[in-house]
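Student: Heads up: the sequence shown begins at 43 in our numbering, then just goes up one per residue. The beta carbon of each residue, even a glycine, is placed where N, CA and C say it ideally should be.
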Amino acid sequence: MRRRARLLGWLFVAVLASAGVVAVWAGRVMWLLAAVLALVVFTAALLVELGKRAIDSERLSREVLRRMRKQVALAESGLQAEADRRAGLLLLHDELARLRVDIQSDRDGLPVRVGTEIAERIKRSQPDLLRKVSYETREQLRDMEAFAYLYPQVHPAALMPPLGRWSMDVRNVAHLTDLIRQRVPRRVLELGGGASTVWLGYILREIDARMLSVDHDEKFASITRGNILRHGLEAVVDVQIAPLKESEIAGRAGKWYSAELFTGCGPIDLLIVDGPPGRSSRFARLPAIEFLKGELAEGALVVLDDADRPAEAAAVASWIKDYGMEQIDIGVSGLAVLQWSST
Ligand SMILES: C[S@@+](CC[C@H](N)C(=O)[O-])C[C@H]1O[C@@H](n2cnc3c(N)ncnc32)[C@H](O)[C@@H]1O
43 MRRRARLLGW LFVAVLASAG VVAVWAGRVM WLLAAVLALV VFTAALLVEL
93 GKRAIDSERL SREVLRRMRK QVALAESGLQ AEADRRAGLL LLHDELARLR
143 VDIQSDRDGL PVRVGTEIAE RIKRSQPDLL RKVSYETREQ LRDMEAFAYL
193 YPQVHPAALM PPLGRWSMDV RNVAHLTDLI RQRVPRRVLE LGGGASTVWL
243 GYILREIDAR MLSVDHDEKF ASITRGNILR HGLEAVVDVQ IAPLKESEIA
293 GRAGKWYSAE LFTGCGPIDL LIVDGPPGRS SRFARLPAIE FLKGELAEGA
343 LVVLDDADRP AEAAAVASWI KDYGMEQIDI GVSGLAVLQW SST
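(1) Which partner residues of S289 appear in the DSSP bridge assignment?
(2) Whole angstroms is fine: what's the gap from D185's alpha carbon to A378's?
(3) Give me the Cα-Cα distance between L338 and Q168, rounded to the nearest whole angstrom.
(4) Taking all protein chains shown into account, decide if D316 is buried (16 or more other Cβ within 10 angstroms of its Cβ) or exposed.
(5) Whose C-alpha, out of S300, V114, E332, S99, is nearest the C-alpha of K287?
(6) Would you say the beta carbon of W298 is closer than 8 Å to some non-hydrogen atom of ligand 1?
(7) By the three-class DSSP mapping on this structure, what secondary structure does E276 have?
(8) Alpha carbons only, please: which of R252, I362, I314, D136 is nearest the one belonging to S384?
(9) Hey, would you say the C-beta of L205 is under 8 Å away from at least one heavy atom of ligand 1?
(10) Keeping to the same chain, check which residues put their C-beta closer than 8 Å to that of L172; ignore five residues upstream and five downstream.
(11) Is DSSP giving D185 helix, strand or coil here?
(12) Going by C-alpha distance, which of G236, V196, R225, H197 is nearest W208?
(13) If you pair each beta-carbon of the region 329-346 with each one of the region 297-312, do three or more pairs fall below 8 Å?
(14) Go ahead and pull the three-state DSSP assignment for M43.
(15) Looking at the structure shown, is Q381 part of a helix, part of a strand, or coil, going by DSSP?
(16) Write down the C-beta distance between E181 and I314 rounded to the nearest angstrom, noting that I regard them as a contact closer than 8 Å.
(17) Regarding M210 and ligand 1, is the C-beta to nearest heavy atom distance less than 8 Å?
(18) Within the chosen definition, does the region 198-214 reach the region 267-276 through at least 3 CB pairs nearer than 8 Å?
(19) Can F325 be considered in contact with ligand 3, in the sense that its beta carbon sits closer than 8 Å to one or more heavy atoms?
(20) Is S238 close to ligand 1? I mean its beta-carbon at under 8 Å from any heavy atom of the ligand.
(21) Compute the Euclidean distance between the alpha carbons of P318 and Y193, then round it to the nearest angstrom.
(22) Is the beta carbon of E162 within less than 8 Å of some heavy atom of ligand 1?
(23) Beta-carbon separation of S389 and Q282 under 9 Å?
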């Protein structure tokens, strides 16, 4: 298109020039002037057109430049953001590495240092407290160990009643389960029922034994009975109430269960003495052998809980001295285990 316009332009110039030459040759000055004027007009129009195009192309290149600058600026800011992100990540990485080193060195040093420091301070200001905390910690560890041994032995049908506090502690119950498996008793009598009744009920069911669990307290006896039913152990355990009565054994006055309930309940292969409660009289559990000796099978085991308490220690001493019983399994748990012999 542009080429054709240029050709037409030159053709127009050539025609005008020829017209000028003809006008000069023919002596027509007016024609010559008209041709020159047309040439000037054409050249001016051409210059205007060229100027317009130059302005357009400058505008275009400015626009292109502007857009390119914008793109470059965008790219630059993207690069900057990326560089910032990388720098941030590097910082984070360094921070984490430092933290890891700190933790590593603290693991060996700091807790021990802090622990020792605290222990030293407590030791100085409250020696009894430190002793108590250490004791409790050891006790808890001991219970956890016994519990890990005991729990797999039962397959409970319902939530088990908690051991410890008012009831026998876990280690003692675990010791009892060992004794039951070794001796395989047929008849068991428990004085003072509660959580232990349920735990032992599961072990006794396995060996097809029966247990009579006696309580002086109606309310607690009914809780224990409810637990036995909840665990489906009613064919194994019979819970009975025997109120406490004033009695006198070997010159010592105190309260013990009303003995009628026990008549004919033997032969007992395993007697568990965990009642009456210590607060009911000074030597609350001591009378057990005197009242029950007629029901004990030859070689029966008599197990006493809380054997390290003074009243219980006195009962053990009396059973050995007055009834010739032999203490066995010493130091396994908090139970005192004695063997009955009628001879
Ligand atoms: C030394 S406790 C131990 C009872 C049971 N041998 C045991 O270890 O779970 C003796 C007395 O605690 C009472 N007892 C039973 N269940 C109880 C309960 N849920 N809360 C508090 N005392 C309870 C009973 O009266 C029982 O004679």
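Tutor: On the basis of the coordinates in this document:
(1) G296
(2) 18 Å
(3) 50 Å
(4) buried
(5) S300
(6) no
(7) coil
(8) I362
(9) yes
(10) A161, I164, K165
(11) helix
(12) G236
(13) yes
(14) Caution applies to M43, whose pLDDT of 47 falls short of 50 and renders its modelled position unreliable; the model cannot decide the point.
(15) strand
(16) That pair is no contact at about 22 Å.
(17) yes
(18) yes
(19) Annotation note on ligand 3: not contained in the displayed structure, which lists ligand 1 as its ligands.
(20) yes
(21) 27 Å
(22) no
(23) The question about residue 389 has no answer here: the residues shown for the chain are numbered 43 through 385.
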